Amino acid sequence: MKEFCAVSIATEANSEHPIAKLVVEHVKRLLKTFGSTEHVMEAKDFEVHTGAGVSGRVGYKMVLVGNKRVMRIIMSRLFLRLRNMFRNRARTCVLVAIDGKIALIFTQ
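As numbered in numbering that gives the first Met the number 0, residues 0 to 107 make up the sequence shown, in order.
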């Protein structure tokens, strides 16, 4: 869980979106809960996917953080399963994919 949190922070820290800032704050609180004071890693090759999310390389991992739209664009087959899971929920949903696999889902 600590690694998932660390790569999420590293990627979202570069975003100016208000939800990204909330995700960073939430994940930092989670890390404190786990007793972690790890140094925040840095995302390289940071890219904004307007209206959908952000991506970047953290260490050797490709990290994608965003909504269902960015996952549909980048990972279309997996999106169909996620859409079915969250179809009837009127919530904000932030997904984190690491190396092409969903690692975390934050919902409001």
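Just so you know, even glycine gets a beta-carbon here, dropped at the ideal spot from N, CA and C.
This one's a predicted model, so the numbers in the text were calculated from it and none came from an experiment.
For residue i, the first and last residue of its enclosing beta strand (DSSP E)
| i | result |
| --- | --- |
| GLU2 | Element bounds for GLU2: not the beta strand (DSSP E) but the alpha helix (DSSP H), 1–11. |
Exposure of residue i, with buried meaning 16 or more beta-carbon neighbours within 10 Å
| i | result |
| --- | --- |
| GLY50 | exposed |
| GLY34 | exposed |
| GLU15 | exposed |
| MET70 | buried |
| GLU11 | buried |
CB contact check: residue i to chain B, cutoff 7 Å
| i | result |
| --- | --- |
| ALA5 | Reference to chain B is not applicable here, since this structure consists of a single protein chain. |
Beta-bridge partners of residue i, as assigned by DSSP
| i | result |
| --- | --- |
| VAL26 | None, per the DSSP bridge assignment. |
| LEU94 | GLY65, ILE104 |
| ALA42 | VAL57 |
Residue i: CB within 6 Å of a non-hydrogen atom of the ligand GDP
| i | result |
| --- | --- |
| GLU24 | The ligand GDP is absent from the structure shown, which contains no ligands of any kind. |
For the pair the stretch 4–11 and the stretch 89–106, tell me if three or more CB-CB distances fall below 8 Å.
By the Cβ rule, the stretch 4–11 counts as touching the stretch 89–106, because three or more pairs are nearer than 8 Å.
Would you mind listing the alpha helix (DSSP H) stretches within the stretch 49–76 that are 4+ residues and don't spill past its ends, in chain order?
Along the stretch 49–76, the alpha helix (DSSP H) occurs as fully enclosed runs of 4 or more residues at 67–73, listed in sequence order.
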